[in-house]
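Worksheet: one structure, shown below.
In our numbering, the protein residues as written are 506 to 659.
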């Protein structure tokens, strides 16, 4: 049995230690906001936070998450910065198909917590691992800049 802290709550799962965190979240715990995209950590759809750092849950074994704080997209609305980013996301018209949006938002939150006033280059670097098949990259940047300009604190 493995104990994990996810979105501030303790969970116990019985899966092999090399099970990707993504499948533990989705299949064992029913937290389906985190999406499967490529399975190789290249597209960013599965991005979550591990102790505040954006990681790819499809390639992270649960053994790497023991004793750490795991935050998923389901928790974002309870975070001032996350909630502001969700509002800006909608106002900027970012969502199209929506599939990548959870991972995009998780990467954007990690960026703004680390760099409250990011430059275009900072945004591009932080978001470069998140693919959007709908091509809303300029809107994503605009939403991030809107929240940065508001000075919302984490």
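Don't be surprised by glycine CBs; every beta carbon is placed ideally from N, CA and C.
Counting only the same chain and skipping the five closest in sequence on each side, list residues whose C-beta sits under 6 angstroms from that of residue 651. Only 593 meet the Cβ criterion.
Please say whether residue 581 and residue 610 have beta carbons closer to each other than 8 angstroms? yes
Candidates 590, 579, 635, 618, of which the one nearest residue 561 by Cα: Cα-wise, what sits closest to residue 561 is 635.
First through last residue of the beta strand (DSSP E) which encompasses residue 514: 514-518
When DSSP labels each residue in this structure, what does residue 615 get in the three-state scheme? helix
Do the region 582-601 and the region 543-563 meet, that is, are 3 or more Cβ pairs less than 8 angstroms apart? no
Residue 658 versus residue 533 - alpha carbon distance: 33 angstroms
Please specify which runs of the alpha helix (DSSP H), each continuous and at least 4 residues long, are wholly inside the region 576-642, giving them in chain order. If you keep only unbroken alpha helix (DSSP H) runs of at least 4 residues inside the region 576-642, you get 585-596, 606-619, 625-632.
Determine, using beta carbons only, whether residue 555 and residue 575 come nearer to each other than 8 angstroms. yes
Straight-line CA distance for residue 571 to residue 508? 7 angstroms
Between which two residues does the beta strand (DSSP E) harbouring residue 558 extend? 558-561
Length of the line joining the Cα atoms of residue 613 and residue 550: 13 angstroms
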